[in-house]
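Colleague: Got a structure for you, written out below as structure tokens; questions coming shortly.
Residue numbers (this note's numbering): 3 to 84.
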């Protein structure tokens, strides 16, 4: 049986790291969130470019989820931005 980390490792998306105080945490930004919320298809944006452009918002949401008790790795999906 796959655990949460194994399942998350297979999910498409962008793996990033954020710092909270002096610690570093791994975050999976879902492919769906990237496509629906951040990637401008008309200019052919890449996932990394979309993250760089919206880094403050994405990091803020990931930080909030961690502080609310989200298990690691922190997963951020499209519903987290509503």
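Backbone N, C-alpha and C define an ideal beta-carbon position, used for all residues, glycine too.
Apart from the five residues on each side of it in sequence, which residues of its chain come closer than 6 Å, Cβ to Cβ, to residue 67?
Modeller: Numbered from 1 along the chain shown, position 65 holds the residue referred to as residue 67. Only 76 meet the Cβ criterion.
Colleague: Please state whether the Cβ-Cβ distance between residue 57 and residue 27 is less than 8 Å.
Modeller: In the chain shown, the residue the question calls residue 57 occupies position 55. In the chain shown, the residue the question calls residue 27 occupies position 25. No; because the gap between Cβ atoms is not below 8 Å, this pair is not in contact.
Colleague: Buried or exposed, going by whether 16 or more other CB atoms sit within 10 Å of the CB of residue 32?
Modeller: Along the chain shown, one-based indexing puts residue 32 at 30. Classification for residue 32: buried.
Colleague: Quick check on the DSSP output: what are the complete beta strand (DSSP E) runs of length 3 or more inside the segment 20-76, in order along the chain?
Modeller: 25-32
Colleague: Please report how far the alpha carbon of residue 84 lies from the alpha carbon of residue 59, in whole angstroms.
Modeller: Translated into positions along the chain shown, residue 84 becomes position 82. Translated into positions along the chain shown, residue 59 becomes position 57. Looking at the two C-alpha atoms, the distance is approximately 12 Å.
Colleague: In terms of alpha-carbon separation, which member of 71, 65 and 47 lies closest to residue 29?
Modeller: Here residue 29 refers to the residue found at position 27 of the chain shown. Of 71, 65 and 47, the residue nearest in Cα terms is 65.
Colleague: In the DSSP assignment, what are the bridge partners of residue 80?
Modeller: Here residue 80 refers to the residue found at position 78 when the chain shown is read from its first residue. DSSP output for residue 80 lists no bridge partner at all.
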